[in-house]
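As structure tokens, the structure follows; a few thoughts come after it.
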Amino acid sequence: MDLSARLKQFKETEYDINKEKYDRIVASQNPHTLFITCSDSRIDVEKILQADPGEIFHIRNIANIVPRDKEPDNHPSVISAIEYAVKVLGVENIVVCGHSNCGGCAAMMHVQDYETKLPYTSEWIRQSILIRDCVKEKYSELSEAEQLEKLEKLNMVQQLDNLMTYDFVEEKVNAGTLKLLGFYFDISTGVVSEYVFDEEMDDLVKEIIKKREEQFQTE
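So the sequence shown is numbered by our numbering: it starts at 1189 and just counts up by one.
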């Protein structure tokens, strides 16, 4: 892969052709949406949203996880970006986007296999291990592939709840100046579905939160 050639191609066929567009964002950015998604290389956010440079503020990590506030071993790198997007940039939307065939969620299904060879990865995804446990318990009759899809979707919904544990997010959501959205990208079809309130999902999230609180009280 000749990355140098691609840099030259970008300058000549993208930047120079759209110079006026780039001139408008030289001094500052004004994104309308914070998009939190997986590190997976198959997710092209600007193409999915048909967005131009400067419209989307990004956070990407394995399995699109948002750590909950005030939990042990919180990871401030994710939260600092959310804080900046909400408090400084004033984004109107925060999207959490899960996707099909997610390697991070697949690793959650067998996290014990990764503890030695990928210790940092296993530590990171363990934040969502109770979601995995819930899926395995509630959907034990399903195949592993079907359980994985359930996990990908429930994990996305859980992160929306995690966002609401931060006062600066909750205040703006309650004031109607910030909207939280959940997306699920099916790579095999190109369909991006928006999460609509689902009572079953909501009950599972409440159950997971209760278990999390009990777990941290005993530690």
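C-beta atoms are modelled at their ideal positions from N, C-alpha and C, and glycine is treated no differently.
Reduced DSSP category for residue i - H, G, I as helix; E, B as strand; rest coil
i, result
"E1382", "strand"
"R1256", "coil"
"N1281", "strand"
"R1212", "coil"
"T1365", "coil"
"D1143", "A question about residue 1143 goes unanswered here, because the residues of the chain that appear run from 1189 up to 1407."
"Y1372", "strand"
Continuous beta strand (DSSP E) stretch holding residue i: start and end
i, result
"G1292", "Note, G1292: premise wrong, no beta strand (DSSP E); alpha helix (DSSP H) at G1291 to M1297."
"L1222", "T1221 to C1226"
"N1249", "I1244 to N1249"
Cutoff 7 Å; reference residue i; Cβ partners in own chain excluding five residues on either side
i, result
"I1396", "L1318, I1319, C1322 and Q1346"
Proximity of residue i and residue j at Cβ, strictly below 8 Å
i, j, result
"M1352", "V1284", "no"
"V1279", "H1220", "yes"
"L1369", "E1382", "yes"
"L1336", "A1294", "yes"
"E1271", "F1356", "yes"
"K1341", "Y1327", "no"
"D1349", "V1299", "no"
Sequence-distant residues of its chain with Cβ nearer than 6 Å to residue i (five each side left out)
i, result
"N1262", "P1255"
Extent of the continuous alpha helix (DSSP H) run through residue i
i, result
"T1309", "P1307 to I1313"
"M1344", "E1332 to L1351"
"P1264", "P1264 to E1271"
"I1231", "Run containing I1231: none; DSSP gives neither H nor E here."
"I1317", "I1317 to K1326"
Beta-carbon proximity list for residue i, same chain, < 8 Å, skipping 5 on both sides
i, result
"E1303", "S1310"
Three or more C-beta pairs under 8 Å: does that hold for the region 1330 to 1341 against the region 1233 to 1241? The region 1330 to 1341 and the region 1233 to 1241 do not touch, with fewer than 3 CB-CB distances between them shorter than 8 Å.
Taking three-plus beta-carbon pairs below 8 Å as touching, is the region 1375 to 1382 in contact with the region 1284 to 1301? The answer is yes - the region 1284 to 1301 touches the region 1375 to 1382, with three or more Cβ pairs under 8 Å.
Three Cβ pairs or more, each shorter than 8 Å: is that satisfied between the region 1214 to 1229 and the region 1243 to 1262? With a cut-off of 8 Å, the region 1243 to 1262 and the region 1214 to 1229 count as touching, because enough Cβ pairs lie within range.
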